[in-house]
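Sequence positions in the sequence shown follow this note's numbering and run 3 to 344.
Have a look at the structure below, then the notes.
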Amino acid sequence: MKALVTGANGFIGRFLVEELLRRGWAVRCFILEGERSDGHESEAVEVVTGDICRKETLAAAVQGVDYIFHLAGVKTVWDEATYFRINVQGTKNLLHALLESGHRIRRFIFASSQAAAGPSPDGHPITEDDVCRPLTAYGRSKRAAEEYLLAHSHRVPITILRPVLVYGPRNLETELLLALIRRGWMFDIGRHHQSFNLIYISDVVRAFMLAAEHRRAAGEIYFITGRDRYTWRQIAEQSFRVQRRKGHILTIPWAGVRLAAEVVKSYRKLRGQPFDVIDDKVNELRQAHWVCSGEKARRHLGFEPRVSLARGIEETMEWYQRERHGERDMVAEVGGRWGKFL
């Protein structure tokens, strides 16, 4: 089997490529022009560079593959137009490059997000049959891409996966959080104690493989989630137990969150930079329940999460201490990186 993986340099993409290789597949990694291809050194890996926003760079990428895993996209940018240009138009470009090539594939697996559906209004886990109410520009872009793909599912066998919050080793987005936990600190926001689902990276990758292999998955959408729901306080307490140390949980009042958001908006406005998604992020944090049901994936795909929260946190913290901690001040280093982003 041969697979095209877009976004192969991303958090999920790298683990997926490793799993495909472990199973004996040939893999074509599509990475953004200018990005390094470190970690994809294997005779079974072909690296192709391009840009999903430029359809002409996709024609060669889709040729000769049996499966397409479309993970390329953006999650953290400042303006809605960029989300739609990359997450929606980029997805359209990939699909049309495939259709125009005349090449037939076994499955097109699209990495969407729980954000495409939105939060639970009442704390009951939402299902794939519930009306989608995305709150953020990111969620709206993912939902728009889903709708476009489903409209063409009579021409290409498409499966859409909506992972919840994914955690595990090598996730650069959580480095600052891990650095704080390592020092015995964690935060919570407000008093409502937002509940949410989590899933470990190896479970997500296994779900992608099951979705590719099952005929029943064609034309379907699946939430990919762990069994339980958690609060940030529970995550903090479990993290401190794994480290066998006492920790401190800092509760940030909502007034502080709103003030910080207004400061960032004013700062970016003065610099002539876009800031229209900041209110989206605050609104996302205000929701009491980001919970969904994994029952459909269990029934259709036989998917069951295997990694417990305790084990997942332990493996993640071990990776952080081994690969990232060393003698460096990671709080300062990662904080500086986010400062540049602002």
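Just so it is clear, CB atoms sit at the ideal spot from N, CA and C, and this is done for glycine as well.
Computed from a predicted structure; not experimentally measured.
- For residue 82, the closest alpha carbon among the candidates 252, 27, 307 and 143 is that of 143.
- Only exposed fits residue 265, as fewer than 16 other CB atoms lie within 10 angstroms of its CB.
- For residue 263, same chain residues with a beta-carbon under 8 Å away, outside a window of 5 residues either side, are 280, 281, 283 and 284 in chain order.
- Counting C-beta pairs closer than 8 Å gives fewer than three between the region 212-222 and the region 236-252, which falls short of the contact rule.
- For residue 52, the enclosing beta strand (DSSP E) covers residues 47-52.
- By the neighbour-count criterion, in which a residue is buried when 16 or more other Cβ atoms sit within 10 angstroms of its Cβ, residue 122 is buried.
- Apart from sequence neighbours up to five positions away, the residues of its chain that approach residue 190 with a beta-carbon distance below 8 Å are 233, 234, 235, 238, 251, 252, 253 and 254, ordered along the chain.
- In this structure residue 71 is not in contact with residue 225, their Cβ atoms being roughly 18 Å apart against a cut-off of 8 Å.
- Here the region 162-177 makes contact with the region 318-327; the two share three or more CB pairs at distances below 8 Å.
- It is roughly 28 Å from the alpha-carbon of residue 49 to the alpha-carbon of residue 154.
- Pairing residue 141 with residue 290 gives a Cβ-Cβ distance that is not under 8 Å.
- Sequence-distant partners of residue 304 (beyond 5 residues in either direction) whose C-beta falls short of 7 Å from its own C-beta, in its chain, are 212.
- By the Cβ criterion, the region 47-61 is in contact with the region 80-96, since at least three pairs of Cβ atoms, one from each stretch, lie closer than 8 Å.
- In the DSSP assignment, residue 30 falls within the beta strand (DSSP E) that extends over 28-34.
- Considered as a whole, the region 100-161 harbours 139-153 as its complete alpha helix (DSSP H) runs of no fewer than 4 residues, in chain order.
- In the three-state scheme derived from DSSP, where H, G and I count as helix and E and B as strand, residue 10 is classed as coil.
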